[in-house]
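Student: Structure incoming, see below.
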Amino acid sequence: MSDLGIDLDYIMGRYNYWLFCILMMTGLYITVSRGNLIKKIVGLNIFQTAVFMLYISMGKVIGGTAPILTEVPETIYSNPLPHVLILTAIVVGIATTAVALALVVRIRESYGTIEEDEILELEHDMDFGSGAAQGDPVA
Amino acid sequence: MPEYLTPALAYVAAALLVPFVPKGALRGLYLAIVPLAGILIFWGLTPGTYNAFNVMGMQIGLMRVDALSQLFGLAFSVAAILAALYAWHLRDTIQQIATLLYAGSAMGAVFAADLITLFVFWEGTAIASVFLIWARRTEGSFAAGMRYLIVQIGSGVILIAGIVLLYRETGSIAFTAMELGSPATWTILAAIGIKCAFPFLHNWMHDAYPSATVTGTVVLSIFTTKLAIYALLRGFPGTELLIYIGIAMALFPIVFALLENDLRRVLTYSLNSQLGFMVVGAGIGTPLAINGAAAHAVASIFYQGLLFMSVGAILFRTGTARATALGGLYRTMPLTMIFCLVGAASISALPLTSGFVSKSMILSAGGYEKMFPVWIALLAASIGAILHTGLRLPYLAFFGSDGGLRPKEAPGGMLAAMGLTAALCIAIGVMPAAFYALLPNDVPYEPYTFSHTIVQLQLVAFVALAFALAVKRGLLPKAERGIVLDTDWIYRRLLSAILGSIGRLIAGLWKGAGRMIASSLNWGAGIVYHLHGPRGPFARTWPTGAMVMVVAFLLGMTLVVTYI
Amino acid sequence: MTGSPETQSKSMPGSILLGIDTARGGRIVTWCLLLICAGLAAAGFTGHLHGYFEIEELPAFYGWFGFLVAIGLGIAAKIIGIFLKRKEDYYGAGSTNLEEHPASDLGMEASDA
Amino acid sequence: MMSLIEANLPALQVVLPLVAAPLCALLGRGDRSWAFACLVTFVTFAVSVALFAETYAGTIISYRMGGWEIPLGIEYRVDRLNAFVLLIISGSAALVLPYARRIVAAEIPAERQPLFYTAFLLCITGLLGITITGDAFNIFVFLEISSLATYALVASGSWVNKRALTAAYNYLIMGTVGATFFVIGVGMLYMITGTLNLADLAVRIVEHGDSSTLRMGFVFILIGIGLKLAMFPLHLWLPNAYAYAPSAVTAFLAATATKAAVYVMLRFMFTVFGFDYEFQADTLRMVVLPLAVIAMFAASIVAIFQDNLKRMLAYSSIAQIGYILLGLTFLTETGLTASIVHLFNHAVTKAALFMVAGCFVLSAGTCSISKLGGIGRDMPWTTAAFVVGGLSLIGLPLTVGFISKWYLVLAALELGWWPVALMIMASSLLAIIYVWRVIEAAYLQPAPEGVVRKEAPLSMLIPTWIFIGLSIWFGINAMLTSTAAGRAASALIDSSHILWKE
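Protein chains in written order, with this note's numbering: chain A, 52 to 190; chain B, 18 to 581; chain C, 7 to 119; chain D, 5 to 506.
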């Protein structure tokens, strides 16, 4: 079975990694494929979430409980460190999302659109359109 | 002694002060005194390396004093004084500063004990000297100067490449005799060869020297090529290849010198031929040959300088150095004529002149080594020198068909410089013993034997006779307005034709018509512009999605590579 | 040839040599040279000439060798010149071959040009 | 008091600008916030100098954040390498901020300036934090602090040109992807070793042995950091971000942001991974080396065709990063020395050049090369600074650029990699072209009609010329930098386990 067929245990035993992979790819795919700036950020968020999953799942110890001190001495705890790390990472992710959304708001104010294709077209006109002045910081 | 002292320092410091010295006699005096200060720095020191220090693990030595460097240092200094006198009338601060920096760089290079210092000053001579060409301030001189600069800087770049290779190979950057054989030494030889005007690398000289100012050409003729000879004597003595290069170098310019109409260009070809003698001397490499090459280099600094000075004086007074416009100037410029004839006698190696006591050493060295082809070739080259510079040049300028010009005699400064140089040429010829005492090797040599004297006189007299007959019978090329093609054709016509078409193409693309880009895609330039130009994929602002794609792709590729 | 150089002769410092570039002057110079050559060739026989190669032992070797090579070089140059000579404007307008030397660099006092 | 400061220098290095940042925002409009930010950067620079002096002899300072035991708590670890990088970052900041006042006043509305300086200080905090910390996850956090601040700084260029917004957005997406890759890589390492301390990681990776997780981690970290330092095809965010950010920001970022990322790369490659396994060297040489070489050419050629001076310099930076990465892939002491010395040299040169661009923007209102005709006559000092900086970019002797290229070529030849050495020299020729284009415009072309351009104010000229002076001074007297870089390189090589080390 192990040589020719599919090792089901191998695959199922690592389902958290597959989940991570799928989520990551989904996130990246959205970022790549969507032209809408907000949707790209959504994709980015999914991508980051995949990483959170990876960290949290690797902190899991089989049979372990949540890492909250109990009175029972032989309690097995899950590793708390990844959780702490991911708390930080979530904060970072939120901050990033906030900055990104703020930027999108400003882009919408300046360009009148949040579709990347249209923005690129506008910018292309700024560069090469009639009377365009490259490098002129005054738009 | 302060750690950074080198004769070059005196020149550089002096050059910085030039603008603050009032123009006129005071500045003339100042410029003539600077080389004396340079001499004071190195003269009388016991041989050895001074001012050595360590930079990035490499031993730098700013002042190596030995017989060879002292000889060249002294000759350069004296020549710099004479050039300053010659330029007494000059009121052009740029040329004055450039001359000082140029002379200083040459001095610095001569005293360099290591290759890095040599390189710095090597480039220094290139950069400083180009201003002597640009100072003519015409479109043509700007272009010629640019070509000159590219070649000279190129020589420096090749030199540094060679130095890096050598350092890799030997772990040392000391400037000592090298053995040809590794890529490093070949590269260094090529760099020196450019400055030395080896055949096919020579053309910068004939392009640039006649394009400089009156005084600029005189200054240029002194330093660059002699510095290269010095480097050959120091770096490649006894390299057999140099003998053949030297012979080719001594012979081929003869034809050009006989054809040229521009007298300053005639002189550059004759200088080129004389350099050939020195290169042969370096190639033979026996103590006598080295002495001969060094002596000839020094002698040639003065007699060639004298010839350039006299032609410069003619140019200064008549506005032209074209043989076709000159002739019959002996009437009104007799002193210039006499000095020119002294120079001509020296290059013809007439006894009692400097050329006789120096050139015969190289010929004798070839004779002692029983190198018959070398000897006979050099003899032929000497005959050529007598013919084109000893006879034809003064004939065309001062005698020949009267061009109708009646200019005033050269100004006092020029006359003084020419007079002193002429005196020096004769002094060396009359008192060879004192001159020989300065040479690097201690080899007894007596130029004034009965045989030497008589055969040399025979040679000169018969060539003169041949010249007289040839002029009469029209066996020599007539002086005509026009130019003679040389290897500069390759880069001035062939290459510029090719580059011109590419340049036009790029210019067309630059204007940005999309149609043009599309139709020129087949051209390499078009492709580069298409890829890298402002609208090209390399320069374009990519959509975020595409950027992320690139990242993902690279991640995948790297993973694959890592797992293989 | 100028019209009458003699008329200016008094004012010119180099007047001693005046007439050297006439046909007669040329002939005199040529004859003098012939005499000198003959004298030197003869002088060569008065003592033994030490050379490095056997060829130098030939009578008046330097004389005739110099003469022949000089003539040969002249002719060679003439022939090569046919192939290499070009008009001055060959390299286009921006070339020093074509332009006059700028007056600012000159001191052309009293030139009749 | 003094001893207390001395004992907590590593913490002060980061905490000082961090605490100062919100205070700066509270100071209100105008010059007050600027003066405060300046003061803070000066003190930060002093701290860096102290750290550099302390570690120059080879001492390694290990500082326990919050007093936790080392592998558990966060460690700040200063050795020769990161002391050198700290010096570059805080030094650049201390020079850029005095420069910034006039140009920021021109480019950013007064009421936003305190926030601008706040972001600036946060950015400094992040970069210093990345450099000083000895903890892998902490690097990620600081990376994001600096990146978030940078996005804001870049976007603040939108007061002049709205394209700064999209540039910042793109940078944000790319930067986040990069940082996330990095954190994935760190996660992989944590999975196999159970530690995040860099020194500890190095030991445990050896104990653990080769595994596919390790390889995954290696690749994710390589690509993640590669994104942050603008390794060639991952550089796409950089040109616009540099071109449209406010001039002072560009000068600061060019000198520091990519440099800090390069430092992380060096730290991970040599200290953490240490080349115990063949695959690490192979990946570097098969992926990074060709990309570095392509960067040297492709980016330089793009620079030739650019009309916007800042964008041209940005592309030139990408090419220069190619040199730095090239030195790294040699995996020799000379190669590393070249990389580290170029880290410094390029920071100095590029900062100066971007500052010149800023001066042009201030006085001429443009940095379009085609509109800078004849500016050499109107702004002689500024343009002269560009010429000298440009020469250094080309790598002419007596400038710092020469020193870096010298070591780089030397390193290539040491390995017998002739073609690479030749390519290094050939790509320098491209630099001549793009520098010449500016010089030609500045000196040889006529000034446009009716334009009045004044020489830049002294407050901008002096910092610019200090950078230029440094690039000459360290070009002539390369002892200090090359010794420091050489020592850092040998320390890195020693800390790695390069199998083929003699």
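In this text, a Cβ means the ideal position worked out from N, Cα and C, and glycines have one as well.
Mind pulling the chain A residues with CB within less than 8 Å of ALA172(D)?
Tutor: In the fourth sequence, the residue the question calls residue 172(D) occupies position 168. Going along chain A in sequence order, the residues near ALA172(D) (Cβ under 8 Å) are LEU154.
Student: Buried or exposed: TYR21(B), going by 16 or more other Cβ atoms within 10 Å of its Cβ?
Tutor: Locating residue 21(B) in the second sequence gives position 4, where the first residue counts as 1. By the 10 Å Cβ count, TYR21(B) comes out exposed.
Student: Listing by chain order, which chain B residues have their CB less than 9 Å from the CB of PRO19(C)?
Tutor: The residue given as residue 19(C) occupies position 13 in the third sequence. ARG348, THR349, MET350, PRO351, LEU352 and GLU426, listed in chain order.
Student: Please say whether TYR438(D) and ILE325(D) have beta carbons closer to each other than 8 Å?
Tutor: Numbered from its first residue, the fourth sequence carries residue 325(D) at position 321. Numbered from its first residue, the fourth sequence carries residue 438(D) at position 434. No. Outside cutoff.
Student: Which of helix, strand or coil does DSSP assign to GLU79(D)?
Tutor: Along the fourth sequence, one-based indexing puts residue 79(D) at 75. Of the three classes helix, strand and coil, the one that applies to GLU79(D) here is strand, per DSSP.
Student: Under a Cβ-count criterion, where at least 16 other Cβ atoms within 10 Å of its own Cβ denotes burial, should ILE77(B) be classed as buried or exposed?
Tutor: Here residue 77(B) refers to the residue found at position 60 when the second sequence is read from its first residue. Answer is buried; the Cβ neighbour count reaches 16.
Student: For ARG153(B), does the count of other Cβ atoms within 10 angstroms reach 16, so buried, or fall short, so exposed?
Tutor: Walking along the second sequence from the start, residue 153(B) turns up at place 136. Result: buried.
Student: Taking 7 Å as the limit between beta carbons, can you name the residues of its chain near VAL44(D), skipping five residues before and five after?
Tutor: In the fourth sequence, residue 44(D) corresponds to position 40, counting from 1. For VAL44(D), where only same-chain residues beyond five positions count, the Cβ hits under 7 Å are LEU20, PRO21, ALA24 and LEU125.
Student: If you compare alpha carbons, which of SER367(D), SER500(D), SER431(D) and TYR447(D) is closest to MET273(D)?
Tutor: Along the fourth sequence, read from residue 1 onward, the residue named residue 273(D) stands at position 269. When only C-alpha atoms are compared, the closest one is SER500(D).
Student: Quick one: what's LYS84(C) bridged to in DSSP?
Tutor: Locating residue 84(C) in the third sequence gives position 78, counting from the first residue. Paired residue(s): none; LYS84(C) is not in a bridge.
Student: Hey, how far is the Cα of ILE534(B) from the Cα of ARG552(B)?
Tutor: Taking the second sequence and counting its residues from 1, the one referred to as residue 534(B) is at position 517. Taking the second sequence and counting its residues from 1, the one referred to as residue 552(B) is at position 535. The pLDDT assigned to ILE534(B) is 49, lower than 50, so where the model puts this residue is not dependable; a value taken from the coordinates is nonetheless given after this. Answer to the nearest angstrom: the Cα atoms are 11 Å apart.
Student: Between the Cα of LYS232(D) and the Cα atoms of ALA104(D), GLY77(D), LEU376(D) and THR262(D), which residue gives the shortest distance?
Tutor: Numbered from its first residue, the fourth sequence carries residue 232(D) at position 228. Comparing Cα positions, the closest option is THR262(D).
Student: Put ASP139(D) into one of helix, strand or coil per three-state DSSP.
Tutor: Taking the first residue of the fourth sequence as 1, we reach residue 139(D) at position 135. ASP139(D): strand per DSSP, three-state reduction.
Student: Starting from MET178(D), trace the alpha helix (DSSP H) in both directions and tell me its first and last residue.
Tutor: The residue given as residue 178(D) occupies position 174 in the fourth sequence. 167-197 is the span of the alpha helix (DSSP H), which, as asked, contains MET178(D).
Student: If ALA285(D) sits next to MET300(D), beta carbons under 8 Å apart, how far is it from one beta carbon to the other, in whole angstroms?
Tutor: Your numbering for residue 285(D) matches position 281 in the fourth sequence. Your numbering for residue 300(D) matches position 296 in the fourth sequence. Actually they do not touch by this definition, with Cβ atoms about 21 Å apart.
Student: Using a beta-carbon distance cut-off of less than 8 Å, what residues from the region 156-175 of chain A approach chain D?
Tutor: If the cut-off is 8 Å between Cβ atoms, the region 156-175 of chain A has ARG157, ILE158, SER161, TYR162, ILE170 and GLU174 near chain D.
Student: At which residue ranges does the region 313-399 of chain B contain complete alpha helix (DSSP H) runs of 4 or more residues, listed in the order of the chain?
Tutor: You should have 351-364 and 371-385.
Student: Please name the residue, chosen from PRO36(B), ALA126(B) and TYR47(B), that lies closest to TYR85(B) on a Cα-to-Cα basis.
Tutor: To locate residue 85(B), count along the second sequence from 1; it is residue 68. Per the sequence shown, residue 85(B) should be read as Leu rather than Tyr. The shortest C-alpha separation from LEU85(B) is found at ALA126(B).
Student: DSSP three-state label for MET18(B), please.
Tutor: On the second sequence, residue 18(B) is found 1 positions in, with the first residue counted as 1. Residue placement at MET18(B) is flagged as unreliable, the pLDDT there being 46, under the threshold of 50; the coordinate-derived value follows with that caveat. It is coil, neither helix nor strand.
Student: Would PHE283(D) pass as an interface residue toward chain B - the criterion being a Cβ-Cβ separation below 8 Å?
Tutor: Within the fourth sequence, residue 283(D) is the residue found at index 279, counting from 1. Chain B, which has a Cβ nearer than 8 Å to the Cβ of PHE283(D), makes this yes.
Student: Near ILE445(B), what residues of its chain come up, given a Cβ to Cβ distance below 7 Å and the 5 sequence neighbours on each side ignored?
Tutor: One-based indexing of the second sequence puts residue 445(B) at position 428. For ILE445(B), where only same-chain residues beyond five positions count, the Cβ hits under 7 Å are ALA316, SER371, VAL374 and PHE452.
Student: Just the C-alpha distance for GLY157(B) and PHE269(B), rounded to the nearest angstrom, thanks.
Tutor: Translated into the one-based positions of the second sequence, residue 157(B) becomes position 140. Translated into the one-based positions of the second sequence, residue 269(B) becomes position 252. The straight-line gap from Cα to Cα measures roughly 26 Å.
Student: Among LEU413(B), ALA487(B) and LEU34(B), which has the Cα closest to the Cα of LEU346(B)?
Tutor: Taking the second sequence and counting its residues from 1, the one referred to as residue 346(B) is at position 329. Here the closest residue by C-alpha is LEU413(B).
Student: Give the residues of chain B in contact with THR137(D), contact being defined as C-beta atoms less than 7 Å apart.
Tutor: In the fourth sequence, the residue the question calls residue 137(D) occupies position 133. Ordered by position in chain B, no residue passes the 7 Å Cβ test against THR137(D), which lies about 25 Å from the chain.
Student: Residues in the same chain with beta-carbon distance under 8 Å from ASP498(D), minus the five sequence neighbours each way, listed in chain order, please.
Tutor: Taking the first residue of the fourth sequence as 1, we reach residue 498(D) at position 494. The answer is none, since no qualifying residue turns up.
Student: Which of the three DSSP states, helix, strand or coil, is assigned to SER500(D)?
Tutor: If you number the fourth sequence from 1, residue 500(D) lands on position 496. Note: SER500(D) maps to coil in three-state DSSP.
Student: Taking the alpha helix (DSSP H) that VAL291(D) belongs to, which residues open and close that run?
Tutor: What you label residue 291(D) is simply residue 287 of the fourth sequence in a count that begins at 1. First-last for VAL291(D): undefined, no H or E at that position.
Student: Between LEU397(D) and THR353(D), how many whole angstroms is the CB-CB distance? I'm expecting something under 8 Å.
Tutor: Taking the fourth sequence and counting its residues from 1, the one referred to as residue 397(D) is at position 393. Taking the fourth sequence and counting its residues from 1, the one referred to as residue 353(D) is at position 349. The Cβ separation is near 6 Å, so the contact holds.
Student: With which residues is GLU122(A) paired in a DSSP beta bridge?
Tutor: Here residue 122(A) refers to the residue found at position 71 of the first sequence. None, per the DSSP bridge assignment.
Student: What in chain A is Cβ-close to ALA569(B), meaning under 7 Å?
Tutor: Residue 569(B) sits at position 552 when you count from the first residue of the second sequence. Simply LEU79.
Student: For the candidate residues TRP38(D), ILE64(D) and ARG208(D), whose alpha-carbon lies nearest to that of VAL100(D)?
Tutor: On the fourth sequence, residue 100(D) is found 96 positions in, with the first residue counted as 1. Nearest C-alpha to VAL100(D): TRP38(D).
Student: Show which residues of chain B have a CB atom less than 7 Å away from the CB atom of VAL83(A).
Tutor: Start at 1 with the first residue of the first sequence, and residue 83(A) comes out as number 32. Residues of chain B passing the Cβ test: GLY562, VAL565 and MET566.
Student: Below 8 Å between beta carbons: does that hold for ILE180(B) and ILE190(B)?
Tutor: Looking up residue 180(B) in the second sequence gives position 163. Looking up residue 190(B) in the second sequence gives position 173. Yes, these two residues count as a Cβ contact at 8 Å.
Student: Pick from GLN113(B), ILE114(B), LEU91(B) and MET435(B): whose alpha carbon is nearest that of ILE331(B)?
Tutor: Here residue 331(B) refers to the residue found at position 314 when the second sequence is read from its first residue. Residue MET435(B) is the option with its Cα nearest to ILE331(B).
Student: Cα-Cα, which of LEU169(D), THR387(D) and VAL404(D) is closest to PHE478(D)?
Tutor: Numbered from 1 along the fourth sequence, position 474 holds the residue referred to as residue 478(D). Of LEU169(D), THR387(D) and VAL404(D), the residue nearest in Cα terms is VAL404(D).
Student: Excluding the 5 residues preceding and the 5 following ASP187(A) in the sequence, name in chain order all residues of the same chain whose CB lies nearer than 6 Å to its CB.
Tutor: Locating residue 187(A) in the first sequence gives position 136, counting from the first residue. No answer about ASP187(A) holds up, because its pLDDT of 45 lies below 50 and its placement is not dependable.
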